[in-house]
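Numbering (this note's numbering), first residue to last: 265 to 532. Even glycine gets a Cβ: it sits at the ideal position worked out from N, Cα and C. Please read all numbers here as calculations on a predicted model, not as lab measurements. Worksheet: the structure to be examined is printed underneath.
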Ligand SMILES: NC(=O)c1ccc[n+]([C@@H]2O[C@H](COP(=O)([O-])OP(=O)(O)OC[C@H]3O[C@@H](n4cnc5c(N)ncnc54)[C@H](O)[C@@H]3O)[C@@H](O)[C@H]2O)c1
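Here it is in structure tokens:
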């Protein structure tokens, strides 16, 4: 028996990166999954991969920045699989990486639509289904970039900060219906990481070196198991949490690692 046997999940942006890893891991644990993905080829490819794994996944073309499209995807989970137990708000639509003063209203609007509004619309649409089923699990995606004030991400950081607030409010208010609402703050090799590795030779090495665990994280083996946990009954008493799944990247003190560490350590 898998940990998610009988569970119906919807994963936005399930066609690549962390979303793809979660879809594949969920299916391996027995869940039936809706892949709510904008890129048709990616979505269909991951659905085919799931069939090869012996699982069931259903691609629904979705733009998370469009309310009707988001609610349509939630409805598709009900019509195709008979319900919904887990909602993973993971999709990521990149925006122009420019300085704050160069971000336009249009950029901010699209980013807020694909982050804060997308999560809001999906949660509002999933709520009555969860309530009728006696519970559910929402897994939102947050970012360490909000904490660090990452450059050229002003719009993204605004959207992610809003998602954190929504996560807390929903956890407070929907606990009475056994709906758990948590967030993951990941660091993993998604599409942006792959692009940065192509554009900047040595990026992977630097990315590994700034994490206490000393390596890059990968979606399926490193991030997805935490999503499985949050979706499963093992997390039945966990709500309102944001879990850093980042190899320790969030520990700023790691930067104070002594230069002469090798000398300080006992030999042998
Ligand atoms: N990868 C990281 O290190 C990292 C760090 C912090 C936060 N996050 C968060 O984790 C989540 C996943 O990130 P990732 O790196 O795996 O992303 P990714 O870019 O690798 O994949 C994103 C997926 O979302 C899809 N998508 C894009 N626009 C969409 C839209 N409008 N509607 C539906 N699908 C759409 C893409 O086609 C793609 O399949 C995001 O919420 C991101 O903000 C990631």
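To which residues of the same chain is residue 426 closer than 6 angstroms at the C-beta, ignoring the five residues directly before and after it? If you ignore the 5 residues before and after residue 426, its C-beta comes within less than 6 angstroms of the C-beta of 380, all in its own chain and listed in chain order.
Would you tell me roughly how many angstroms separate the C-alpha atoms of residue 349 and residue 397, rounded to the nearest one? About 8 angstroms.
Secondary structure at residue 521, three-state DSSP: helix, strand or coil? DSSP places residue 521 in coil when its eight states are reduced to three.
Regarding residue 309 and ligand 1, is the C-beta to nearest heavy atom distance less than 6 angstroms? No, since every heavy atom of ligand 1 falls outside the 6 angstroms radius drawn around the Cβ of residue 309.
Can you give, in chain order, each stretch of the alpha helix (DSSP H) that sits fully within the segment 438–463 and has at least 4 residues? Inside the segment 438–463, DSSP marks whole alpha helix (DSSP H) runs of 4 or more residues at positions 455–463, from first to last along the chain.
Entirely enclosed alpha helix (DSSP H) segments - the segment 345–385, minimum 4 residues: Runs found: 369–376.
Below 6 angstroms, is the gap between the Cβ of residue 306 and the nearest heavy atom of ligand 1? At least one heavy atom of ligand 1 is nearer than 6 angstroms to the Cβ of residue 306, so yes.
Using a Cβ-Cβ cut-off of 7 angstroms (strictly less than) and excluding sequence neighbours within five positions of residue 326, which residues of its own chain qualify? Closer than 7 angstroms at Cβ, skipping near neighbours: 276, 300, 301, 302, 333, 334 and 337.
Can the beta-carbon of residue 376 be found closer than 7 angstroms to that of residue 446? Cβ distance not < 7 angstroms, so residue 376 and residue 446 don't count as in contact.
Separation of residue 525 from residue 404, as counted between CA atoms: Those two C-alpha atoms are separated by around 38 angstroms.
Take the Cβ of residue 492 as the centre, count every other Cβ of all protein chains shown within 10 Å, and call the residue buried at 16 or more, exposed below. Classification for residue 492: buried.
Using the Cβ count rule (16 or more neighbours within 10 Å means buried), how would you classify residue 517? Counting of Cβ neighbours within 10 angstroms places residue 517 among the exposed residues, the total staying below 16.
Would the beta-carbon of residue 493 be found less than 6 angstroms away from any heavy atom of ligand 1? No heavy atom of ligand 1 is found nearer than 6 angstroms to the CB of residue 493.
Quick check on residue 299: does DSSP put it in helix, strand or coil? Strand.
Specify the secondary structure class of residue 487 as computed by DSSP and reduced to three states. In this structure, residue 487 counts as helix in the three-state DSSP scheme.
Assign residue 340 to one of three DSSP states: helix, strand, or coil. DSSP places residue 340 in helix when its eight states are reduced to three.
With residue 316 as the anchor, note down where its alpha helix (DSSP H) starts and where it stops. Under the DSSP assignment, residue 316 falls in the alpha helix (DSSP H) whose first and last residues are 304–316.
Give me the Cα-Cα distance between residue 329 and residue 385, rounded to the nearest whole angstrom. Just so you know, the alpha carbons of residue 329 and residue 385 end up roughly 9 angstroms apart.
For residue 296, which residues from the same chain have a beta carbon less than 8 angstroms from its beta carbon, with the 5 sequence-adjacent residues on both sides left out? Contacts found: 271, 272, 273, 319, 320, 321, 322 and 345.
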